[in-house]
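J.: According to this note's numbering, the sequence shown is numbered sequentially starting from 154. For each residue, glycine too, the CB sits at the ideal point set by N, CA and C. This structure is a prediction, so every number in the text was calculated from the model and none was measured. One structure is given below, represented as structure tokens, and several questions about it will come after.
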Amino acid sequence: MALDLRTEKVPGNPVEVISGPGALAQIFTYTDKLGCHRVLVVCGKNVSRLPQVASLGEVAPATTTVEVFDQVEPEPSDRTVAAGGEYAHSRGADIIVAIGGGSSMDAGKAIAAEAGQEGWIFSQECAGQPTTVPDTVLPFIAVPTTAGTGSEVTPFSVITFTETHHKLVLNHESFYPKYALLDPTLLTSTPRGAQVAAGMDALTHAVESYISKEATGPSRKRVHEAIKLIARHFRAAVRNTGDLEAQAGMQRAAMMAGLAFSVSRLGIVHAMALPLSALFDVPHGVANAILLPFGMEFNRPAAMPEFANIGAAMGVLDDEQSIESASRQAVAAVRELAQDVGAPRRMSHVGVDKSAIGRMAADAIESPHISRNPRTVCMRDIIGIYEQAY
Ligand SMILES: [Fe+2]
Numbered sequence: 154m155a156l157d158l159r160t161e162k163v164p165g166n167p168v169e170v171i172s173g174p175g176a177l178a179q180i181f182t183y184t185d186k187l188g189c190h191r192v193l194v195v196c197g198k199n200v201s202r203l204p205q206v207a208s209l210g211e212v213a214p215a216t217t218t219v220e221v222f223d224q225v226e227p228e229p230s231d232r233t234v235a236a237g238g239e240y241a242h243s244r245g246a247d248i249i250v251a252i253g254g255g256s257s258m259d260a261g262k263a264i265a266a267e268a269g270q271e272g273w274i275f276s277q278e279c280a281g282q283p284t285t286v287p288d289t290v291l292p293f294i295a296v297p298t299t300a301g302t303g304s305e306v307t308p309f310s311v312i313t314f315t316e317t318h319h320k321l322v323l324n325h326e327s328f329y330p331k332y333a334l335l336d337p338t339l340l341t342s343t344p345r346g347a348q349v350a351a352g353m354d355a356l357t358h359a360v361e362s363y364i365s366k367e368a369t370g371p372s373r374k375r376v377h378e379a380i381k382l383i384a385r386h387f388r389a390a391v392r393n394t395g396d397l398e399a400q401a402g403m404q405r406a407a408m409m410a411g412l413a414f415s416v417s418r419l420g421i422v423h424a425m426a427l428p429l430s431a432l433f434d435v436p437h438g439v440a441n442a443i444l445l446p447f448g449m450e451f452n453r454p455a456a457m458p459e460f461a462n463i464g465a466a467m468g469v470l471d472d473e474q475s476i477e478s479a480s481r482q483a484v485a486a487v488r489e490l491a492q493d494v495g496a497p498r499r500m501s502h503v504g505v506d507k508s509a510i511g512r513m514a515a516d517a518i519e520s521p522h523i524s525r526n527p528r529t530v531c532m533r534d535i536i537g538i539y540e541q542a543y
């Protein structure tokens, strides 16, 4: 894979993607193109200390100021969005640059809206209602430090509402970043556990997107590429976080899966993963890693040819197999990959209380992802999968 800087835009998606080592160093070229000179970086504490991030204020052109809001926590809350919006407003920020994992991307998108209207985020806390945004939403640039969420090319922002413990997916075209800068050197200092969770999230996006009822020819083509890249690079990226080719491969896979699921949406695994994070602070990617093999096994009867294709993309099939056996092998390959990278395997290992299964199932069944799942889902199915995965 070439590791020089490249710029691309995928048909049907508005985000211009700049990828390659050193992409972050180009940031002020793009803030300048947008006519913005008062940058607010949105990130977590650890990312704010990375040399490439800490030095942004020093390397910025004289006409540009850089402020940092470093209060983003894992699974960002409505209160963090409110605090970030207030900070952006008080500093006169005219652009948000989110640097970090999915949490920072999600928070950055919502902060870009909150900066335009104080208290906006609290008006969005109603499951099932369409997302509305203020008249003014600041432009937003995404700089991911994990390869997983795909948030850099999607219009989604996942926010946890503190009072109700609901984790809701906000979805508005204003949340598309103007630019995404994919710099693999930023991934080399991301902790291994976060890389595993992120990669499993990307794999879950890819699988659920491929079998979604709303998958299209182009979305499946992108996911096919994403799965091939994950099968080729995930183990190496986790084994040696300094492997730039592997990191770039995973970054590309996460982006391709993000492009696909922004069209196809997801399925039962994401619907069931969100309550684990909202109620027990299980990182999103870890929740997906645990639930993915069980969700695949549940869906397998309804999507055997698709699963066979997923197995082919992972390179684990031979020509003589029946579709049925190939679909089983795809599930086994995902299980094996998750095991090889050291992903957690049971809900009981990550602090989930078994007595909450009923409540989590009631939340999961309300998720819009359920309607895209290839197999019809009822409460009893969801409870059964949670119990298997416990
Ligand atoms: Fe996800």
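Is it the case that the Cβ atoms of Val219 and Val195 are separated by a distance below 8 angstroms?
T.: No, the pair does not count as a contact, with Cβ atoms beyond the cut-off.
J.: Assign Tyr329 to one of two classes, buried (16 or more other C-beta atoms within 10 Å of its C-beta) or exposed (fewer than that).
T.: Buried: at least 16 other Cβ atoms inside 10 Å.
J.: Indicate whether the contact test is met: 3 or more Cβ pairs, each with one atom in the stretch 439–454 and one in the stretch 492–501, closer than 8 angstroms.
T.: Short answer: they touch.
J.: Is it true that the CB of Gln400 sits closer than 8 angstroms to the CB of Thr315?
T.: Not closer than 8 angstroms, so no.
J.: Which parts of the stretch 357–386 are runs of the beta strand (DSSP E), unbroken and 3 residues or longer, counting only runs that do not cross its ends?
T.: Complete beta strand (DSSP E) runs here, min 3: none at all.
J.: When the distance is taken between beta carbons, is Asp223 closer than 8 angstroms to Ser201?
T.: Yes; because the gap between Cβ atoms is below 8 angstroms, this pair is in contact.
J.: Applying the criterion that 16 or more other CB atoms from any shown protein chain within 10 Å of the CB defines a buried residue, is Tyr240 buried or exposed?
T.: Classification of Tyr240: buried, given that the 10 Å Cβ count is 16 or more.
J.: Any heavy atom of ligand 1 within a distance shorter than 7 angstroms of the CB on Asn324?
T.: Not under cutoff, so the answer is no.
J.: Hey, His377 and Gly402: beta-carbon distance below 8 angstroms or not?
T.: Cβ distance not < 8 angstroms, so His377 and Gly402 don't count as in contact.
J.: Should the stretch 258–265 be called in touch with the stretch 209–217, which here means at least 3 C-beta pairs below 8 angstroms?
T.: In short, these stretches do not touch, since the Cβ pair count stays below three.
J.: Here's the rule I'm using: 16 or more other beta-carbon atoms within 10 Å means buried, otherwise exposed. How should Cys279 be labelled?
T.: Looking at its Cβ environment, which holds fewer than 16 other Cβ atoms inside 10 Å, Cys279 is exposed.
J.: Could you check which residue in Gly173, Val505, Gln348, Arg525 has the C-alpha nearest to that of Arg418?
T.: Measuring from the Cα of Arg418, the nearest candidate turns out to be Arg525.
J.: The alpha helix (DSSP H) spanning Tyr332 covers which residue range?
T.: Premise fails: Tyr332 lies in the beta strand (DSSP E), 332–335, not in any alpha helix (DSSP H).
J.: Label Ser256 either buried or exposed according to how many other C-beta atoms from any shown protein chain fall within 10 Å of its C-beta, with 16 as the threshold for buried.
T.: Classification of Ser256: buried, given that the 10 Å Cβ count is 16 or more.
J.: Quick check on DSSP: helix, strand or coil for Ser230?
T.: The answer is strand: DSSP assigns Ser230 an E or B state.
J.: Kindly identify the DSSP beta-bridge partner or partners of Ala251.
T.: According to DSSP, which records beta bridges pairwise, Ala251 is partnered with Val195, Ala295.
J.: Determine the direct distance from the alpha carbon of Thr298 to that of Gly504, and round the result to whole angstroms.
T.: Those two C-alpha atoms are separated by around 26 angstroms.
J.: Can you round the beta-carbon distance between Ala333 and Val168 to whole angstroms, since I take them to be within the 8 angstroms contact cut?
T.: Confirmed, Cβ separation roughly 5 angstroms.
J.: Pro283: which of Asn324, Leu291, Trp273 sits nearest, CA to CA?
T.: It is Asn324 whose Cα lies nearest to the Cα of Pro283.
J.: At which residues does the alpha helix (DSSP H) containing Glu480 begin and terminate?
T.: First, the residue type needs correcting, since residue 480 is Ser and not Glu in the sequence shown. From DSSP, the alpha helix (DSSP H) with Ser480 extends over 476–493.
J.: Using a Cβ-based criterion (distance less than 7 angstroms to any ligand heavy atom), does His190 qualify as near ligand 1?
T.: No, Cβ of His190 sits at least 7 angstroms from all heavy atoms of ligand 1.
J.: Determine the DSSP secondary structure at Leu432, reduced to helix, strand or coil.
T.: Helix at Leu432.
J.: Compute the Euclidean distance between the alpha carbons of Gly269 and His502, then round it to the nearest angstrom.
T.: Using only the alpha carbons, I get a separation of about 41 angstroms.
J.: Here's the rule: buried if 16 or more other CB atoms are within 10 angstroms of the residue's CB, otherwise exposed. What is Ala515?
T.: Flag for Ala515 reads exposed.
J.: Which residues does DSSP pair with Glu169 in a beta bridge?
T.: Lys162, Tyr332, per the DSSP bridge assignment.
J.: The alpha helix (DSSP H) spanning Ile538 covers which residue range?
T.: Residues 532–542.
J.: Just to check, is the beta-carbon of Thr357 closer than 7 angstroms to a non-hydrogen atom of ligand 1?
T.: Yes, since a heavy atom of ligand 1 falls inside the 7 angstroms radius drawn around the Cβ of Thr357.
J.: Just the C-alpha distance for Gln205 and Gly253, rounded to the nearest angstrom, thanks.
T.: Approximately 12 angstroms between the Cα atoms of the pair.
J.: Compute the Euclidean distance between the alpha carbons of Ala389 and Thr357, then round it to the nearest angstrom.
T.: Taking the straight line joining both Cα atoms gives about 19 angstroms.
J.: Shorter than 7 angstroms, the distance from the beta carbon of Thr307 to the closest heavy atom of ligand 1, or not?
T.: No, ligand 1 has no heavy atom inside 7 angstroms of this Cβ.
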